[in-house]
Amino acid sequence: MRFAVICAAISAAAAAVTFGAGSAAAADPIAQPDRVGLHLNHAETTALGDGPLPALVTMVVPLNRIGAGLKADTMINHDENGSVHASLRQVITEAASHPDGTVVLYLNVPGTRNGRLLDIYQNWN
Numbered sequence: 365m366r367f368a369v370i371c372a373a374i375s376a377a378a379a380a381v382t383f384g385a386g387s388a389a390a391a392d393p394i395a396q397p398d399r400v401g402l403h404l405n406h407a408e409t410t411a412l413g414d415g416p417l418p419a420l421v422t423m424v425v426p427l428n429r430i431g432a433g434l435k436a437d438t439m440i441n442h443d444e445n446g447s448v449h450a451s452l453r454q455v456i457t458e459a460a461s462h463p464d465g466t467v468v469l470y471l472n473v474p475g476t477r478n479g480r481l482l483d484i485y486q487n488w489n
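Residues 365 to 489 (our numbering) make up the sequence shown, in order.
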């Protein structure tokens, strides 16, 4: 049930970000065997970081169930074991702070990906 609620919340939020980012919005859906996701463009990434969704997601999904794929030149603190010491909003807004920064969000099937429910990956050149 919790997975269904999370799926519905993320889907609704993705739609809100897509429609709120304007007519040029183009969130690209991604499907893999054990997860589904969205690749957000720069405008969508910025809108996501500026909106309430990161806080709402972390109210439902514990931080230890969210994975972050950080760029090598990130300014976000992480340790040698790969643990990230930042909020979901910080990961998103760091990508948005780059002129070509984007994020990819994945909703994982429960029991896969080492127990993570949500993964986020930063992208920029």
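Cβ atoms here follow ideal geometry from the backbone N, Cα and C, with glycine treated the same way.
- Straight-line measurement puts the Cα of Y470 at about 9 angstroms from the Cα of Q396.
- The distance from the Cβ of R399 to that of V455 is about 17 angstroms, inconsistent with a contact at the 8 angstroms cut-off.
- Shown here, N478 sits in a helix according to DSSP, grouped into three states.
- In the pairwise beta carbon analysis, the stretch 438-457 is classified as touching the stretch 411-423: at least three pairs are separated by under 8 angstroms.
- For V455, the three-state secondary structure derived from DSSP is helix.
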